[in-house]
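With positions in the sequence shown counted from 1, the corresponding number in the numbering used here is that position plus 134.
Glycine included, C-beta positions come from ideal geometry on N, C-alpha and C.
Below: one structure, written as structure tokens.
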Amino acid sequence: MTQARTMFYGKGDVYVFRTYANPLKGLKQIPESNFTEKHNTIFGMNAKVALKGEQFLTSFTEGDNSLVVATDSMKNFIQRHAASYEGSTLEGFLTYVCERFLDKYSHLDAVRLEAQEYAFDDIQVGTSEGIKTSDLVFRKSRNERATAAVEVARTASGTEVVELSSGIADIQLIKVSGSSFYGYIIDEYTTLAEATDRPLYIFLNIGWKYESEQDAFGENAANYVAAEQVRDIAATVFHTLENKSIQHLIYHIGLRILDRFPQLTEVNFGTNNRTWDTVVEGTEGFKGAVFTEPRPPFGFQGFSVHQEDLAREKASANSEYVSHV
Numbered sequence: 135m136t137q138a139r140t141m142f143y144g145k146g147d148v149y150v151f152r153t154y155a156n157p158l159k160g161l162k163q164i165p166e167s168n169f170t171e172k173h174n175t176i177f178g179m180n181a182k183v184a185l186k187g188e189q190f191l192t193s194f195t196e197g198d199n200s201l202v203v204a205t206d207s208m209k210n211f212i213q214r215h216a217a218s219y220e221g222s223t224l225e226g227f228l229t230y231v232c233e234r235f236l237d238k239y240s241h242l243d244a245v246r247l248e249a250q251e252y253a254f255d256d257i258q259v260g261t262s263e264g265i266k267t268s269d270l271v272f273r274k275s276r277n278e279r280a281t282a283a284v285e286v287a288r289t290a291s292g293t294e295v296v297e298l299s300s301g302i303a304d305i306q307l308i309k310v311s312g313s314s315f316y317g318y319i320i321d322e323y324t325t326l327a328e329a330t331d332r333p334l335y336i337f338l339n340i341g342w343k344y345e346s347e348q349d350a351f352g353e354n355a356a357n358y359v360a361a362e363q364v365r366d367i368a369a370t371v372f373h374t375l376e377n378k379s380i381q382h383l384i385y386h387i388g389l390r391i392l393d394r395f396p397q398l399t400e401v402n403f404g405t406n407n408r409t410w411d412t413v414v415e416g417t418e419g420f421k422g423a424v425f426t427e428p429r430p431p432f433g434f435q436g437f438s439v440h441q442e443d444l445a446r447e448k449a450s451a452n453s454e455y456v457s458h459v
């Protein structure tokens with residue numbers, strides 16, 4: 135049996151900063167978030183591109199560079215096409231550039247582009263009319279950031295998007311009360327004490343997939359799912375749910391996201407437990423406790439939630455899922 139060959143090459147850490155890209159307006163309003171538009175005054179990202187094609191084989195086996203697109207050229211291609219992009223979403227830009235690569239280089243079979251947003255936050259400044267949000271000065275964000283990955287392949291009739299995923303990376307949330315962890319297997323290997331109320335510090339990467347990739351391009355903004363809205367849903371569910379574990383928490387975050395955005399087929403999670411170690415327990419007369427950073431190693435979880443899960447919860451008389459705040 136002949137095994138499928140892995141063969142691609144590309145360029146990473148391609149930084150792109152486009153000013154005054156088209157704004158994204160008209161997002162669906164949801165109860166968990168007041169985020170309704172993205173002005174895109176700075177449309178920034180760190181991108182990674184990979185070119186795929188059977189005709190690259192001789193560049194590996196014989197050192198024949200006659201069909202090789204230099205990775206420096208790839209970087210320039212991505213950056214220069216940021217000027218002609220007329221859309222307003224990260225997913226739309228990646229798709230646009232993939233298609234332009236295939237138009238330009240006829241020997242390519244497919245192009246994959248992925249990117250993390252390089253975000254800048256609004257900042258308040260003093261003016262003659264009082265404190266206002268500046269439309270000129272922005273602050274580099276040190277917080278979570280939107281992500282996207284797109285692959286476009288050549289077909290007999292043109293091109294086709296064969297993969298598209300969206301996400302948000304590095305959400306970090308701490309809940310000081312209202313989380314528990316007990317009832318797990320206790321045996322000779324167990325040193326962890328059960329907890330009925332603990333601070334819970336988590337890192338989350340959340341991804342989602344659309345039923346129709348067209349919804350990711352922002353042409354109908356009401357069908358686009360903004361990373362900022364997903365972040366706010368995660369925080370809201372964390373706030374309201376008396377969670378029994380991180381697994382329990384992310385399942386309910388996934389249900390809420392799918393409930394708010396039925397155009398999604400899946401929400402997936404990569405999470406990490408960074409719960410603090412206790413130094414001083416709370417006592418009578420001392421509200422709270424003292425904690426420190428946890429020692430490694432760290433627990434992690436991977437999970438996906440689908441529309442079928444949401445339908446089952448809504449149909450169950452015993453479900454604890456609550457769809458409204």
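- Gln250 has its alpha-carbon roughly 40 Å from the corresponding atom of Glu415.
- Inclusion of Glu263 and Ala303 in the CB contact set at 8 Å is not warranted, their separation being larger than that value.
- Taking C-beta atoms as the reference points, Ser299 and Lys343 count as a pair closer than 8 Å.
- With 16 or more neighbouring CB atoms inside 10 Å of its own CB, Thr409 falls in the buried class.
- The criterion of a C-beta distance shorter than 8 Å is not satisfied by Leu247 and Ala204.
- Around the C-beta of Ser313, 16 or more other C-beta atoms lie within 10 Å, and the residue is accordingly described as buried.
- The beta carbon of Gln163 sits closer than 8 Å to those of Thr170, all from its chain and outside the five residues before and after it, given in chain order.
- Counting C-beta pairs closer than 8 Å gives fewer than three between the stretch 365-378 and the stretch 431-443, which falls short of the contact rule.
- Residue burial is scored here from C-beta neighbours: Arg365 has at least 16 other C-beta atoms within 10 angstroms and is therefore classed as buried.
- Going by beta carbons, Thr293 and Glu233 fall inside the 8 Å limit.
- Straight-line spacing of the CA atoms in Lys159 and Gly433 works out to 39 Å.
- Under the DSSP assignment, Phe437 falls outside any alpha helix (DSSP H), being part of the beta strand (DSSP E) whose first and last residues are Phe434 to His440.
- Annotation: the continuous alpha helix (DSSP H) that includes Met208 extends over Thr205 to His215.
- The alpha-carbon of Asp256 is positioned some 20 Å away from that of Glu166.
- In this structure, Ser193 sits away from Leu185, with a CB-CB distance that is not shorter than 8 Å.
- When Gly301, Arg152, Glu188 and Ser291 are compared, the shortest CA-CA separation from Gly388 is found for Gly301.
- Rounded to the nearest whole angstrom, the C-alpha separation of Gly197 and Glu225 is 34 Å.
- Taking the CA atoms as reference points, Phe142 sits about 17 Å from Val231.
- Residue range Ala244 to Glu251 is occupied by the beta strand (DSSP E) that includes Glu251.
- A straight line joining the alpha-carbon of Thr140 with that of Gly187 spans about 10 Å.
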